[in-house]
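First up is the structure itself, then whatever we jot down about it.
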Amino acid sequence: MQDRKTLKRLNAIIRDIQRNPLEGIGKSERLKGNLSGWWSRRIDETNRIVYYEQDGTIHIASCRGHYES
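Set out below in structure tokens:
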């Protein structure tokens, strides 16, 4: 992450995902297609975190990109 504000937001989202993987801060969204079963949440205007939960463990695939123009 490029700045402290973004890192702070990412950490808050990860803590929130640990409490409730399917809803919460960051506008959670169920992904479709070949990412079915995965979820995303917005970190900021240009970045999102992509993850899935399995047996109480959060698996993070990405926490950067997607909303770039």
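Heads up: the sequence shown begins at 1445 in our numbering, then just goes up one per residue.
A virtual CB, placed ideally from N, CA and C, is assigned to each residue, including glycine.
Here the structure is a predicted model, which is why all the values come from computation and not from measurement.
| Check | Outcome |
| --- | --- |
| In whole angstroms, what is the alpha-carbon distance linking aspartate 1447 and glycine 1481? | 30 Å |
| Using beta-carbon positions only, say whether leucine 1451 and cysteine 1507 come within less than 8 Å of one another. | no |
| Between serine 1484 and the rest of its own chain, which residues show a CB-CB distance below 7 Å, the 5 nearest in sequence each way excluded? | Glu1473, Leu1475, Arg1492, Ile1493 and Val1494 |
| Residues in the same chain with beta-carbon distance under 7 Å from lysine 1471, minus the five sequence neighbours each way, listed in chain order, please. | Arg1485 and Arg1486 |
| If we count the other Cβ atoms within 10 Å of its Cβ and call it buried at 16 or more, is isoleucine 1457 buried or exposed? | buried |
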